[in-house]
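J.:
There are 2 protein chains.
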Amino acid sequence: MSTKTYAAFNETDPLVPHTIERRHLHAKDVFIDIEYCGVCHSDIHTAKGDWGKPSYPVVPGHEIIGRVREVGPEVTKYKVGDLVGVGCMVESCQHCSPCDDGIEQYCENGFTGTYNSKNSKYGGVTYGGYAEHIVVEEDFVLTVPENIDAKAAAPLLCAGITTWSPLRHWNVKSGDKVGIIGLGGLGHMGVKFAKAMGAHVVMITTSEAKGEDAKKLGADEVLISKDVEQLKAHANSFDFLLNTIPVKHDVNPYLNLLKLDKTMCMVGAVEPLDPMHGGLLIMKRRNLAGSLIGGIKETQEMLDFCGEHNIVSDVEMIDIQNINEAYERMIKSDVKYRFVIDIKSLKNA
Amino acid sequence: MSTKTYAAFNETDPLVPHTIERRHLHAKDVFIDIEYCGVCHSDIHTAKGDWGKPSYPVVPGHEIIGRVREVGPEVTKYKVGDLVGVGCMVESCQHCSPCDDGIEQYCENGFTGTYNSKNSKYGGVTYGGYAEHIVVEEDFVLTVPENIDAKAAAPLLCAGITTWSPLRHWNVKSGDKVGIIGLGGLGHMGVKFAKAMGAHVVMITTSEAKGEDAKKLGADEVLISKDVEQLKAHANSFDFLLNTIPVKHDVNPYLNLLKLDKTMCMVGAVEPLDPMHGGLLIMKRRNLAGSLIGGIKETQEMLDFCGEHNIVSDVEMIDIQNINEAYERMIKSDVKYRFVIDIKSLKNA
């Protein structure tokens, strides 16, 4: 089935309209008419080859919301018309220990990413959600609650689960003092989730303006991290820190905010950090950890939670024709907090 | 009571004989005739002012073994003649949450170190174990099993507990693959303990010779950490890593050895590390942690375990008159694996 998309053909040129062929339906496949697709920083990194040369053409997009148009003969979980989501993964080995534990993002044989991944089962390379349709095995399709705003639910599939998973894994609970470091696509979801989990949420940012924005999202307090006195006042007081900063930075001032035995989890900076002082870990038995997106089961739990608590992302809608401009604005952090493509616009592409 | 010691009077001169006054016995005090005292790198760092200007004169020594000579009227745990130990702490607030949990090393009000610490309760500064006697409240005195070699037990009080505590805290158990990084005073105890706990122990070192030595101590395998092929072969395979390297170093090659969700704990490097790659934590939800000595209760558990399993340190005995030469050799890592002072030699000082 031919599908209209927007694709990158090399590191430097803008994304352009491009028609691909989606695979035909296998027994457990779900064929989805895409309605919305969030725009993640990973889309830019991949399209521009920041993480190594991709398999061009790249059709990015792994924050996908749509409706089921057709299902394979062995599909049991979905029926035509269901509102569904697809996140960062479309396959995994499903027989290793992490897959058995429902954390397919750590699949020992490597999960298949929603785009720019070799598809070991069906051949070829995967194409993502900047497209009219996608075909995905039902085990990697999520149910999206009908009561939440579908277009604002798209970023839950990556920005949402990336923050939800560590907050759950490190057992954030009512009464905990939780710091969310950095306010972007990830950070704004971190604030919303931690607040909904009952935590006392502190936005940790260099920017007074972002601090004010975070309060509107539900943060109880703001810590301006370039203010040494504020850092001192909050030293040794946090039960958990979620560090969403996406670039190289100095983690030392943040580590010193943690209580004894507590953890700061990195979800953004997949790169070398500034030198860290070992004493900050040793003197309070602190932990520095990392976390990668989330498993399918916990993504469903998150979506169900969002349905119950009416949580979605704050989004700015764009037509696919504006994707290249959106990339430029994202690089300047000029978006509150996630662009979402209205896939209807592809009809005119 | 006047007590012969060896003390440092400034950053550069050698330690020299010096007589101090020990406090008189309070109700819960235990008066100990010191028999042996281990020599820890902290002794050198403190005496030489590496960690800030100390309160000279400094009488170092926090790996103390001796016999009870006298007890205060309210002492219930010890009697005259008991073989006892004193480690890195002689007091803590005993009413904060960590103290309640038996992890006095993380006392929120700061524990009192065995030497060069302000003694908030009795005034003055504490003097350590390079001395004929020490007076310590019974709650900070340990029972040393009579069946182990007392002189070789001295380093258990610091090098021992510093490695024991994280191995226990991160629940090292039979069948785990545990890496001990670095073979010195700490590392050689790490090998012995991890082996006795039933782990498959891998000595991780840059030196073939140290690898061979580690095998004699009980290591099952050796990983030469400058060999890229060996690192690759062991990638993602360790359940726990105990990093005893005492200086600035690159943790990245070690982090990559950890399985999903597992921890590397630093116990040596109280200083800035080389830049760490965030992706090594994120991609496998790994943890980098630190740990500081150990609490009184777990130190006693360790000593009891050593009694049952006949574990002591490998030591080189010296007279106190050779302490300055011993310091020079320690700085060159020329000791297997701990110097212990025979305190009898102080009689001639």
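Chains A and B, in that order, give the protein sequences. FYI, this note's numbering numbers position 345 of the first sequence as 1094, with every residue one higher than the one before it. FYI, this note's numbering numbers position 13 of the second sequence as 762, with every residue one higher than the one before it. We treat Cβ as the ideally placed atom computed from N, Cα and C, and that holds for glycine. The structure displayed is predicted, hence computed values, not measured ones.
Hey, how far is the Cα of A/Asp-762 from the Cα of A/Gln-979?
T.: So the two alpha carbons sit approximately 45 Å from each other.
J.: Would you list the residues sitting across from A/Asn-896 in a DSSP beta bridge?
T.: Bridge partners of A/Asn-896: none, in fact.
J.: If you drop the 5 nearest sequence neighbours on each side, which residues of the same chain put their C-beta closer than 6 Å to that of A/Arg-818?
T.: Phe-780 and Asp-782
J.: Quick one: Cα of B/Ile-1092 to Cα of B/Thr-752, how far?
T.: 12 Å
J.: Give a yes or no on whether the minimum CB-CB distance between A/His-790 and chain B is below 8 Å.
T.: no
J.: Helix, strand or coil for B/Ser-791? Go by DSSP, reduced to three states.
T.: helix
J.: For chain B, is any of its Cβ atoms less than 8 Å away from the one on A/Lys-1033?
T.: yes
J.: Pick from A/Leu-1030, A/His-773 and A/Phe-989: whose alpha carbon is nearest that of A/Asn-1001?
T.: A/Leu-1030
J.: Would you be able to state if there are at least three C-beta pairs under 8 Å between the segment 1035 to 1053 of chain A and the segment 901 to 919 of chain A?
T.: yes
J.: Return the chain-ordered list of same chain residues with a C-beta closer than 8 Å to the C-beta of A/Gly-939, the five sequence neighbours on each side being excluded.
T.: Thr-912, Leu-916, Ile-929, Leu-991 and Thr-993
J.: Based on DSSP bridge pairs, tell me the residues matched to B/Tyr-785.
T.: B/Ile-814 and B/Asp-1091
J.: Is A/Ala-1018 close to chain B, meaning its C-beta is less than 8 Å from at least one C-beta of that chain?
T.: yes
J.: Of all the CB atoms in chain B, is at least one closer than 8 Å to the CB of A/Tyr-827?
T.: no
J.: Listed in chain order, which residues of the segment 1036 to 1063 of chain B have Cβ atoms closer than 7 Å to some Cβ of chain A?
T.: From the segment 1036 to 1063 of chain B, only Asn-1036, Leu-1037, Ala-1038, Gly-1039, Ser-1040 and Leu-1041 have a Cβ closer than 7 Å to chain A.
J.: Using three-state DSSP, classify B/Ser-1062 as helix, strand or coil.
T.: DSSP places B/Ser-1062 in coil when its eight states are reduced to three.
J.: In chain A, which residues lie with their C-beta within 8 Å of the C-beta of B/Met-1015?
T.: Gly-1027, Leu-1030 and Ile-1031
J.: To the nearest angstrom, report how far apart A/Phe-860 and A/Thr-875 are at their CA atoms.
T.: 12 Å
J.: For the segment 953 to 984 of chain A, list every residue whose C-beta sits within 8 Å of some C-beta in chain B, in sequence order.
T.: none
J.: Is it the case that the Cβ atoms of B/Pro-847 and B/Arg-1087 are separated by a distance below 8 Å?
T.: B/Pro-847 places its beta carbon 8 Å or farther from that of B/Arg-1087.
J.: Is the Cβ of A/Tyr-755 closer than 8 Å to any Cβ of chain B?
T.: Not one chain B Cβ lies under 8 Å of A/Tyr-755.
J.: At which residue ranges does the segment 839 to 902 of chain B contain complete alpha helix (DSSP H) runs of 4 or more residues, listed in the order of the chain?
T.: 846 to 849 and 899 to 902
J.: Just the chain B side, please: which residues come within less than 7 Å of A/Asp-1023 by C-beta, in chain order?
T.: Pro-1024
J.: Give me the Cβ distance between A/Ala-943 and A/Val-921, rounded to the nearest whole Å; I'm assuming they're in contact under 8 Å.
T.: 6 Å
J.: Using a 10 Å radius around the Cβ and a threshold of 16 neighbouring Cβ atoms, would you call A/Ser-869 buried or exposed?
T.: exposed
J.: With a 10 Å radius around its C-beta and 16 neighbouring C-beta atoms as the bar for buried, classify B/Thr-768 as buried or exposed.
T.: So B/Thr-768 counts as exposed.
J.: Quick check on DSSP: helix, strand or coil for B/Ala-757?
T.: strand
J.: Quick check: A/Pro-803 and B/Leu-1022, are their CB atoms within less than 8 Å of each other?
T.: no
J.: Who are the Cβ neighbours of A/Val-1089 in its own chain at under 6 Å, not counting the five residues just before and after it?
T.: Tyr-785, Gly-787, Lys-900, Ala-903, Val-1064 and Met-1066
J.: For A/Gly-810 versus A/Gly-878, is the C-beta distance shorter than 8 Å?
T.: yes
J.: Leaving out five residues on either side along the sequence, give the residues of the same chain with a beta carbon under 8 Å from the beta carbon of A/Gln-931.
T.: The sequence as given places Gly at residue 931 of chain A; Gln does not occur at that position. So the qualifying residues of the chain are Ile-953, Thr-954, Asn-992, Thr-993, Ile-994, Pro-995 and Gly-1017.
J.: Can you confirm whether A/Leu-932, when its beta carbon is compared against all beta carbons of chain B, has any partner nearer than 8 Å?
T.: no
J.: Report the rounded CA-to-CA distance for B/Thr-795 versus B/Glu-1057, giving the unit in angstroms.
T.: Taken atom to atom, the span from the alpha-carbon of B/Thr-795 to that of B/Glu-1057 is near 34 Å.
J.: Short check: CB of A/Leu-1052 to CB of A/Thr-892, under 8 Å?
T.: yes
J.: Can you tell which of A/Tyr-864, A/Asp-831 and A/Ala-880 has its C-alpha closest to the C-alpha of A/Glu-887?
T.: If we check each option's Cα against that of A/Glu-887, A/Asp-831 comes out closest.
J.: Tell me whether A/Ala-776 is buried or exposed, calling it buried when 16 or more other Cβ atoms sit within 10 Å of its Cβ.
T.: exposed
J.: Using a C-beta to C-beta distance shorter than 7 Å, which residues of chain B count as neighbours of A/Pro-847?
T.: Leu-1009
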